[in-house]
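Sequence positions in the sequence shown follow our numbering and run 10 to 226. We put the CB at the ideal spot given by N, CA and C, even for glycine. Right, one structure below, let's go through it.
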Amino acid sequence: MNYKEKNRRNQILRASLNALSDKGFNTVTLQDIADYAGVSKGVTNYYFKSKADVFGHLFEWLTQRIYENESAAVSSKYTAMEKLEAYVNAAFSSPEKNKQFFRVYLDFLAQANHSSNYREINNRFYENCWSIGREIASIGQREGVFPDFDIDVAGVAIRASIDGCLLQWLMRNQSELHGFYRDVCYKTILGYLMNGEISGEKEITNINSTVLPKNKI
């Protein structure tokens with residue numbers, strides 16, 4: 010795929026994101042996506058076989074973009090404390106962006122029970138997110154800032170705190186509380202890591218309710 014084709018494909022994916030955010034998973038059509046992209050339906054069909062094909066690529070593109078943005082923010086810092094702050098700030102990007110992402114993301118999760126492809130994409134997304142948390146925890150331990158605990162469990166816990174705070178903020182439907190929830194999220198994770206309150210159990214349960222040995226998340 011050349012640069013022009015890649016650009017057009019990404020244009021359609023961005024339009025799909027906007028259309029899905031506005032209209033919802035079950036309502037949006039290929040014609041809606043074409044209209045949002047400012048192209049003909051034939052152009053959309055050239056790059057994607059069907060609405061399902063668009064949505065599959067959109068979910069992967071969207072989650073990968075979120076991970077890459079957060080990873081880049083963390084990579085630009087040096088200490089564990091700086092990286093944690095950058096991670097939380099990147100996750101709480103802005104009220105508008107967070108609202109759009111979660112509107113679409115929750116729609117995809119609602120379909121995941123019926124789509125192994127969506128489940129696989131979401132699992133890859135969380136594996137990537139957990140890796141950011143593990144990096145922060147590991148660096149903090151090497152610096153002597155954080156006590157000794159299981160960094161695999163910490164990676165999961167950090168992301169769970171981020172998503173939990175974002176979801177609660179979203180459900181309250183008050184954009185002005187965005188900064189409040191960001192700060193609560195940061196302080197909660199920091200206290201958790203500083204106090205070493207990481208589960209030491211030999212078995213933990215992953216997001217698919219499959220019991221896995223410690224260090225095998």
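> Just to confirm, are arginine 168 and tyrosine 135 a CB contact at a threshold of 8 Å?
Replying inline: Contact: yes.
>> Just to confirm my understanding: we take alanine 46, look at its own chain, exclude 5 residues before and 5 after, and list those with CB closer than 6 Å. What are they?
In response: Gln20, Ile21, Ala24
> What number of angstroms, rounded off, separates the C-alpha of serine 49 from the C-alpha of serine 59?
Replying inline: Looking at the two C-alpha atoms, the distance is approximately 14 Å.
> Between the beta-carbon of glycine 149 and the beta-carbon of leucine 71, is there less than 8 Å?
Replying inline: no
> Between the region 111 to 129 and the region 27 to 41, do at least 3 Cβ pairs fall closer than 8 Å?
Replying inline: yes
> So, are the CB atoms of tyrosine 195 and tryptophan 178 less than 8 Å apart?
Replying inline: no
>> Quick check on the burial criterion: 16 or more other C-beta atoms within 10 angstroms. Buried or exposed for lysine 15?
In response: The residue is exposed, with fewer than 16 neighbouring Cβ atoms inside 10 Å.
> Could you check where the alpha helix (DSSP H) with valine 113 kicks off and where it finishes?
Replying inline: 104 to 120
> The alpha helix (DSSP H) spanning glutamate 185 covers which residue range?
Replying inline: From DSSP, glutamate 185 is part of no alpha helix (DSSP H); its letter is neither H nor E.
> Where do the ends of the alpha helix (DSSP H) carrying threonine 53 lie?
Replying inline: Unbroken alpha helix (DSSP H) run through threonine 53: 50 to 56.
> Can you list, in chain order, the stretches of the alpha helix (DSSP H) that have 4 or more residues and sit fully within the region 123 to 198?
Replying inline: 125 to 152, 160 to 181
> In chain order, what residues of the same chain lie with their CB nearer than 6 Å to the CB of alanine 28, ignoring the 5 residues before and after it?
Replying inline: Val37, Asp41, Ile42, Tyr45
> How many angstroms separate the CA atom of lysine 86 from the CA atom of serine 103?
Replying inline: 20 Å
>> Tell me the rounded alpha-carbon separation between valine 162 and leucine 39.
In response: 41 Å
>> Please report the distance separating the alpha-carbon of asparagine 107 from that of phenylalanine 101.
In response: When rounded, the distance between both Cα atoms is 7 Å.
>> Just to check my reading of the structure: glycine 164 and arginine 143 have Cβ atoms closer than 8 Å, yes? What is that Cβ distance to the nearest angstrom?
In response: Indeed, because the Cβ distance is near 4 Å, the residues count as touching under 8 Å.
> Would you call the CB atoms of asparagine 137 and tyrosine 76 closer than 8 Å?
Replying inline: yes
> From which residue to which residue does the alpha helix (DSSP H) around glycine 65 run?
Replying inline: Element bounds for glycine 65: 60 to 84.
> So the alpha helix (DSSP H) asparagine 11 belongs to, where does it begin and stop?
Replying inline: Run containing asparagine 11: none; DSSP gives neither H nor E here.
> Any idea if threonine 88 is buried or exposed, counting beta-carbon neighbours within 10 angstroms, 16 or more meaning buried?
Replying inline: Under this definition threonine 88 is an exposed residue.
> Under 8 Å, do isoleucine 145 and glutamate 79 count as touching if we go by C-beta distance?
Replying inline: no
> Are isoleucine 130 and phenylalanine 68 close, meaning C-beta to C-beta below 8 Å?
Replying inline: Against a cut-off of 8 Å, the Cβ pair of phenylalanine 68 and isoleucine 130 comes out as a contact.
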